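Undergrad: Numbering (my numbering), first residue to last: 416 to 571. Yeah, the Cβ is synthetic: ideal placement off N, Cα and C, and Gly gets one too. Model, not experiment: these values are computed from the prediction. So that we are looking at the same thing, I have put the structure below in structure tokens.
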DNA sequence: GCCAACGTTGGC
DNA sequence: GCCAACGTTGGC
């Protein structure tokens with residue numbers, strides 16, 4: 416029985432944390448912390464172990480999908496929200512009733528040729544992508560068709 | 001650096 | 001519950 420596979424797109428500013436940082440982690444994994452938006456959080460919580468993730472570089476020229484990661488640990492409490500000194504501290508989240516969550520992802524692949532936002536915009540097959548229609552959402556779903564189409568572009 | 005789009009906050 | 005004000009994101 417084949418289990419359901421979901422696809423996602425996670426955005427990050429490479430100046431802060433890029434795909435090379437993930438690749439260079441000793442374990443090649445990291446916790447995807449700091450999501451402080453409810454819609455993005457809900458998408459994080461929907462991730463299952465083994466789901467694949469496009470690693471998108473934003474606020475860089477050119478913005479582009481840089482590669483692939485996979486979910487290796489499903490949503491768990493983002494304890495950074497409890498630490499007042501932390502950048503992502505949220506006084507409204509507490510251990511009894513955590514508001515924010517994170518997942519662990521592992522490096523899979525870095526594209527030789529990143530798939531740029533410009534390329535994505537030019538493809539009619541990708542016009543329904545959340546990336547184009549809700550560009551600020553930092554954790555978003557990708558359909559299986561979109562995933563395959565972008566993979567083809569990355570291999571060209 | 002600008003600004004459009006979007007989300008959150010808080011007064012009423 | 002509405003909405004103005006404000007803050008953030010992110011492409012350009």
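Alpha carbon to alpha carbon, how far is residue 461 from residue 564?
TA: So the alpha carbons of these two residues sit roughly 23 Å apart.
Undergrad: Ends of the beta strand (DSSP E) at residue 556?
TA: Note, residue 556: beta strand (DSSP E), 554 to 557.
Undergrad: Return yes when the Cβ of residue 505 is within less than 8 Å of the Cβ of residue 448, no when it is not.
TA: No. Outside cutoff.
Undergrad: Is the beta carbon of residue 466 less than 8 Å from the beta carbon of residue 422?
TA: Going by C-beta atoms, residue 466 is nearer than 8 Å to residue 422.
Undergrad: Please classify residue 428: is it buried, with 16 or more other beta-carbons within 10 angstroms of its beta-carbon, or exposed?
TA: Label assigned to residue 428: exposed.
Undergrad: Is it true that the stretch 517 to 530 meets the stretch 481 to 499, where meeting means three or more beta-carbon pairs spaced less than 8 Å apart?
TA: Touching, yes, given that three or more Cβ pairs across the two stretches are closer than 8 Å.
Undergrad: Excluding the 5 residues flanking residue 525 on each side, which residues of the same chain have their C-beta closer than 7 Å to its C-beta?
TA: Only 434, 438, 481, 482 meet the Cβ criterion.
Undergrad: Just how far apart, CA to CA, sit residue 533 and residue 559?
TA: Residue 533 and residue 559: Cα-Cα distance of roughly 21 Å.
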